[in-house]
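K.L.:
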Amino acid sequence: MKLYKSKKDNELFYYFNAKKEKRWCYRHRYYDKNNKRKEKSRQGFKTENEAYRALLEVKTGIISGETKKVENSNLTVAEWLDTWFDSYKNQWKITTQLQRQNAIKYQMKPLLGRYKLADLDKSTYKRVYINELLKRYKPSTVLLFHRLFKVAINAAVDDEILTRNRFNKITIESDEVSDNFYTAAELKQFLSAAKQYENITNYTLIFLLSYTGMRKGEALGLKWEDLDFDNKTLTVNRTRDNKGVRSPKTKRSYRTILIAEELIEQLKLYRKWCKEIKFTYGLYLSDEDFIFISFQSGLPVTDNTIMYSMRRLSKETGLKKITPHGLRHSHATILISKQTPVKVIADRLGNTPQMILDIYGHSFKDLEEQSVLAFDQALNF
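In this text, residue positions in the sequence shown follow the working numbering: the first is 1225, and each later residue adds one.
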């Protein structure tokens, strides 16, 4: 292909394609961070100005030290996802690996893989990814896929391939909470029934989840050494389920929170019971023991225990069925109704403020409507 130099710039050229159509291209030579000679080129522009603007953008990026961004301008989303997964997978837990691998294979690549990473804009992302996913999945699931893609994009920013994550401010109305929570009055009734009908382990576990907003696995992973009765705090250091014991879900999940005096007293009472039960099996209570144990063996309870307990209680009380995670939602929505700051709720639950806004957006909208009404009433008393 014969190139003809432009008068506008020595690195700007025009040529004629197979259809004899005039097209423009650029070829920019530069030195990378290792002082190695390189060339960045691109063709197919329909006008000289279009090619010139692209060339200037490349030159500006290199002068600004953004050589990685320039060199990877043709990188597709699919190529980056593969690089990202292969580079970071050994740092992730096996459950996280599988989750991200499946999302890449079945959602991200099919819908976004062909787009260039640097050119993917917010409108295209919402149209071909978010909107398409909403046709197949419930909003809370789409929100999960959106969060996973943002993690991949943040990695590209950290690797200096992109300058920013343009998808951070996209919001999706989540149905994650839906009807899976109790109001303060319902929760009070539920806890009262749990105290009356369930054994002390089930009651204490339900009590703790309700009063702390902890995840079920975090509660089951608690050891007596994680409690500070004097300072009235509880520290999350691990999670436990039927797959074993491992580190908490995220870095923010490691946290120390204040707990109510009523919960402190219940835990002290439960600790005394644990000592007695363990003694009947020839065991002694240690600070390194998991808190929640079975009266049938003195050993840690399984993660199904609370699920069966809550099913029984919903029948006994006539209240709607909620999951153990619904107690976490109950804790959050009650705090929101009391106008607790978002950051305080996020720190308590081990989430980011943005996740709290994403998950409980409807509750905040209700609160905003209440505040508008309250202001109007104050001025029209």
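Virtual Cβ for every residue (Gly too), placed ideally from N, Cα, C.
(1) Rounded to whole angstroms, what is the Cα-Cα separation between residue 1416 and residue 1425?
(2) Is it right to say residue 1582 is buried, meaning 16 or more other beta carbons lie within 10 angstroms of its own, or is it exposed?
(3) Please classify residue 1587 as buried or exposed, where buried requires at least 16 other C-beta atoms within 10 Å of its C-beta.
(4) Could you name the residues that DSSP lists as bridge partners for residue 1300?
(5) Buried or exposed for residue 1439, please, with buried defined as at least 16 other CB atoms from any protein chain shown within 10 angstroms of its CB.
(6) How long is the line joining the alpha carbons of residue 1357 and residue 1345, rounded to whole angstroms?
(7) For residue 1350, which option in 1549, 1390, 1328 has the closest C-alpha, if you only look at C-alpha atoms?
(8) By DSSP, does residue 1391 sit in helix, in strand, or in coil?
(9) My assumption, with CB atoms under 8 Å, is that residue 1336 sits in contact with residue 1361. Please give the rounded CB distance.
(10) Exposed or buried, what is residue 1318 when buried is set at 16 or more other beta-carbons lying within 10 Å of its beta-carbon?
(11) Using the three-state DSSP reduction, which class does residue 1312 fall into: helix, strand or coil?
(12) Once the 5 residues before and after residue 1484 are set aside, which same chain residues still bring their CB inside 7 Å of it?
(13) DSSP three-state label for residue 1453, please.
(14) In angstroms, rounded to a whole number, what distance separates the CA positions of residue 1411 and residue 1304?
(15) Quick check: the stretch 1567-1574 against the stretch 1474-1481, are at least 3 beta-carbon pairs closer than 8 Å?
(16) Going by DSSP, what residue range makes up the alpha helix (DSSP H) through residue 1432?
(17) Skipping 5 residues on each side, what residues in its chain have a beta carbon closer than 7 Å to that of residue 1413?
(18) Under 7 Å between the Cβ atoms of residue 1301 and residue 1341?
(19) Should the stretch 1265-1274 be called in touch with the stretch 1243-1253, which here means at least 3 C-beta pairs below 8 Å?
(20) Compute the distance between the beta-carbons of residue 1275 and residue 1236, then report whether it is under 7 Å.
(21) Starting from the Cα of residue 1565, find the closest Cα among 1580, 1458, 1554, 1493 and give me that residue.
(22) Please check if any C-beta of chain D sits within less than 7 Å of the C-beta of residue 1473.
(23) Evaluate residue 1388 with the Cβ neighbour count: other Cβ atoms within 10 Å of its Cβ, from every protein chain shown; 16 or more gives buried, anything less gives exposed.
(24) So, helix, strand or coil for residue 1472, using DSSP?
(25) On the three-state DSSP scale, how would you describe residue 1502?
(26) Let's see if you can read the secondary structure: which residues bound the beta strand (DSSP E) around residue 1238?
(27) Let me confirm a value: residue 1261 is counted as buried when at least 16 other C-beta atoms fall within 10 Å, else exposed. Which label applies?
(28) Suppose only complete runs of 4+ residues qualify. What are the alpha helix (DSSP H) ranges in the stretch 1481-1556, listed by chain order?
(29) If distances are taken between C-alpha atoms only, which option among 1225, 1241, 1277 comes closest to residue 1233?
(30) Would you kindly check if the distance between the Cβ of residue 1419 and the Cβ of residue 1427 is under 7 Å?
(31) May I ask you to report which of helix, strand or coil DSSP gives residue 1285?
(32) Using 8 Å as the cut-off, can you tell me whether the stretch 1549-1561 makes contact with the stretch 1464-1472, which would need three or more C-beta pairs spanning the two stretches below that distance?
(33) Rounded to a whole number of angstroms, what is the C-alpha to C-alpha distance between residue 1429 and residue 1516?
(34) Taking residue 1365 as the reference, which of 1338, 1327, 1386, 1306 has the closest Cα?
(35) Where residue 1506 and residue 1500 are concerned, what is the direct C-alpha to C-alpha distance, given to the nearest angstrom?
P.N.:
In short:
(1) 15 Å
(2) buried
(3) With 16 or more other Cβ atoms within 10 Å, it is buried.
(4) 1340
(5) buried
(6) 17 Å
(7) Each of 1549, 1390, 1328 was checked against the Cα of residue 1350, and the nearest Cα belongs to 1390.
(8) coil
(9) About 16 Å separates the two Cβ atoms, so there is no contact after all.
(10) exposed
(11) Residue 1312 falls in the helix class under three-state DSSP.
(12) 1435
(13) coil
(14) 46 Å
(15) yes
(16) 1424-1436
(17) Within the same chain, residue 1413 has close Cβ partners 1541, 1543.
(18) yes
(19) yes
(20) yes
(21) 1580
(22) Here there is only one protein chain, and chain D is not present.
(23) exposed
(24) Residue 1472: coil per DSSP, three-state reduction.
(25) helix
(26) 1236-1240
(27) exposed
(28) 1485-1504, 1529-1541
(29) Ranked by how close their Cα comes to the Cα of residue 1233, the residues 1225, 1241, 1277 have 1277 in first place.
(30) Cβ atoms of residue 1427 and residue 1419: closer than 7 Å.
(31) helix
(32) no
(33) 7 Å
(34) Considering only alpha carbons, the answer is 1327.
(35) 10 Å
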